[in-house]
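Q: Sharing a structure, written as structure tokens. Questions coming.
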Amino acid sequence: MRIVVCVKHVPDMQSERRFEDGRIVRGEDDILNELDENAIEAAVQLVEDNGGEVIALTMGPEDAEDALMRALQMGADRGVLISDEALAGADAGLTALALAGAIQTLADEKPIDLVITGMASLDSMTSMLPAALATRLHFPLLGLAHEISVDTGASSIEIKRNADGYEDVLSAPMPAVVSVTDQINEPRYPAFAAMKAARKKPMDTWELADIEESDAGSAIAQRGQVTEVLESNEITRDNAGTIIPDSGDAGLRLAQYLLEVVK
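Its first residue numbered 366, the sequence shown is counted upward by one per residue in my numbering.
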């Protein structure tokens with residue numbers, strides 16, 4: 366199997382974040398998107414069971430190599446970074462175009478069986494990328510899987526997911542795009558040997574010129590950035606808030622405060 370895992374380099378949710386010119390500053394305490402760790406683990410497990418290759422793919426500035434390195438430490442075999450000034454400020458649609466172009470370029474080397482993503486990125490939280498990517502690639506989409514099984518002989522994939530109180534069982538032919546939830550597995554923590562081995566694994570940096578021959582790549586230059594931040598103002602508290610000390614009746618006093626003040 367040949368699996369591409371789309372990952373993202375995002376600001377650490379526990380760090381102090383700041384904005385400049387209406388945009389969040391990147392490269393300061395950025396980490397691999399936590400929900401993408403489940404996607405990497407799912408891909409690595411499939412390759413461990415069936416053989417093949419896991420390629421971690423991301424789009425972003427040069428610092429995004431750190432996210433790819435983490436993916437390599439977790440078991441991915443190769444990393445590919447798409448980095449180009451023309452992609453600065455890209456929305457979900459433009460990101461899908463670029464990633465689809467890269468995946469098509471990888472498929473020209475050797476066919477791709479699966480594209481796996483996390484359920485969302487913790488910076489933008491749109492959850493739009495898997496569907497946009499599947500549309501660009503003309504692949505079926507199986508979303509929010511908490512269990513995956515593949516039949517390499519029939520070249521098909523089956524997932525289980527929870528939706529509206531039901532557990533759905535869905536299948537599709539491969540190649541396909543699959544997004545996974547954080548319930549699908551427990552991502553492994555790489556040992557020192559895995560961290561050391563990751564430094565010897567291949568990592569490529571591509572510009573738009575490297576994917577421009579693909580169907581998606583040819584549309585990127587025409588589309589360009591379609592969103593622009595016009596204004597961004599930090600929201601601050603008007604006061605320090607109200608502290609209710611616990612002297613045995615804090616629950617009652619909190620309820621009274623909510624009834625009388627917050628209403």
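Quick reminder that beta carbons are idealized off the backbone N, C-alpha and C, glycines included.
1) In the DSSP assignment, find the unbroken beta strand (DSSP E) run with ALA688 in it and report its ends.
2) Please name the residue in TYR554, ASN527, PRO426, VAL480 whose C-alpha comes closest to that of PRO495.
3) Among all the DSSP beta bridges, which residues are the ones paired with ARG553?
4) Taking only runs that begin and end inside the segment 448-511, name each unbroken beta strand (DSSP E) of 3 or more residues, in chain order.
5) What's the C-alpha gap between SER612 and LEU487?
6) Would you kindly check if the distance between the Cβ of VAL419 and the Cβ of ASP569 is under 8 Å?
7) Consult DSSP for GLY444 and reduce its assignment to one of helix, strand or coil.
8) Check whether the Cβ atoms of GLU406 and MET366 lie closer than 8 Å to each other.
9) Mind checking whether ALA457 and MET424 have CB atoms under 8 Å apart?
10) By Cβ distance below 8 Å, which residues in the same chain neighbour ASN415 in space, the five residues on each side in sequence not counted?
11) Report the residue from ILE549, ILE522, ASP547, GLU551 whose alpha carbon sits nearest the alpha carbon of PRO538.
12) Figure out for me which residue from HIS374, GLU402, ASN398 has the closest Cα to the Cα of PRO552.
13) My guess is that MET484 and LEU400 are in contact by the Cβ rule of under 8 Å, so how many angstroms apart are they, rounded?
14) State the CB to CB distance for the pair ILE368 and ALA408, rounded to an integer number of angstroms; the pair is presumed to be in contact (CB under 8 Å).
15) For ASN472, tell me which candidate among PHE504, THR460, MET490 has the shortest Cα-Cα distance.
16) VAL542 and ALA499: beta carbons closer than 8 Å?
17) Alpha carbon to alpha carbon, how far is ASP428 from VAL370? Give it in angstroms, no decimals.
18) For ALA497 versus ALA461, is the C-beta spacing smaller than 8 Å?
19) Using 8 Å for Cβ pairs, my map puts ALA455 next to LEU573. What's the rounded Cβ distance?
20) If you draw a straight line from the alpha carbon of LYS566 to that of ASP442, how long is it in whole angstroms?
A: Put simply:
1) As displayed, the chain neither begins before 366 nor continues past 628, which places residue 688 out of reach and without an answer.
2) Start at 1 with the first residue of the sequence shown, and residue 495 comes out as number 130. For PRO495, the nearest C-alpha among the options comes from VAL480.
3) By 1-based counting over the sequence shown, the position of residue 553 is 188. Answer by DSSP bridge pairing: none, since ARG553 is not bridged.
4) DSSP runs (the beta strand (DSSP E)) wholly in the segment 448-511: 479-483, 506-510.
5) Residue numbering aside, residue 612 sits at position 247 when the sequence shown is read from its first letter. Residue numbering aside, residue 487 sits at position 122 when the sequence shown is read from its first letter. So the alpha carbons of these two residues sit roughly 38 Å apart.
6) Here residue 569 refers to the residue found at position 204 when the sequence shown is read from its first residue. Here residue 419 refers to the residue found at position 54 when the sequence shown is read from its first residue. Going by C-beta atoms, ASP569 is not nearer than 8 Å to VAL419.
7) As a first step, residue 444 is located in the sequence shown; it is residue number 79 there, counting from the start. In this structure, GLY444 counts as strand in the three-state DSSP scheme.
8) If you number the sequence shown from 1, residue 406 lands on position 41. If you number the sequence shown from 1, residue 366 lands on position 1. One thing to note: GLU406 has its Cβ no nearer than 8 Å to the Cβ of MET366.
9) Along the sequence shown, read from residue 1 onward, the residue named residue 457 stands at position 92. Along the sequence shown, read from residue 1 onward, the residue named residue 424 stands at position 59. Taking 8 Å as the Cβ cut-off, ALA457 and MET424 do not qualify as a contacting pair.
10) Taking the first residue of the sequence shown as 1, we reach residue 415 at position 50. Around ASN415: MET366, VAL515, THR517.
11) The residue labelled residue 538 in the question sits at position 173 within the sequence shown. Out of ILE549, ILE522, ASP547, GLU551, ILE522 has the C-alpha closest to the C-alpha of PRO538.
12) Stepping through the sequence shown from its first residue, residue 552 is reached at position 187. Nearest C-alpha to PRO552: GLU402.
13) On the sequence shown, residue 484 is found 119 positions in, with the first residue counted as 1. On the sequence shown, residue 400 is found 35 positions in, with the first residue counted as 1. That belief holds up - the Cβ atoms of MET484 and LEU400 are roughly 6 Å apart, short of 8 Å.
14) Taking the sequence shown and counting its residues from 1, one reaches residue 368 at position 3. Taking the sequence shown and counting its residues from 1, one reaches residue 408 at position 43. 4 Å between Cβ atoms; contact.
15) On the sequence shown, position 107 is the one that residue 472 refers to. Note that residue 472 is Ala in the sequence shown, not Asn. It is PHE504 whose Cα lies nearest to the Cα of ALA472.
16) In the sequence shown, residue 542 corresponds to position 177, counting from 1. In the sequence shown, residue 499 corresponds to position 134, counting from 1. If you check the CB distance, VAL542 and ALA499 come in under 8 Å.
17) Along the sequence shown, one-based indexing puts residue 370 at 5. Along the sequence shown, one-based indexing puts residue 428 at 63. In a straight line, the C-alpha of VAL370 is about 18 Å away from that of ASP428.
18) Here residue 497 corresponds to residue number 132 of the sequence shown, with the count starting at 1. Here residue 461 corresponds to residue number 96 of the sequence shown, with the count starting at 1. Yes; because the gap between Cβ atoms is below 8 Å, this pair is in contact.
19) As a first step, residue 455 is located in the sequence shown; it is residue number 90 there, counting from the start. As a first step, residue 573 is located in the sequence shown; it is residue number 208 there, counting from the start. Actually they do not touch by this definition, with Cβ atoms about 11 Å apart.
20) Position 201 of the sequence shown holds residue 566. Position 77 of the sequence shown holds residue 442. Cα to Cα, the separation comes out at about 6 Å.
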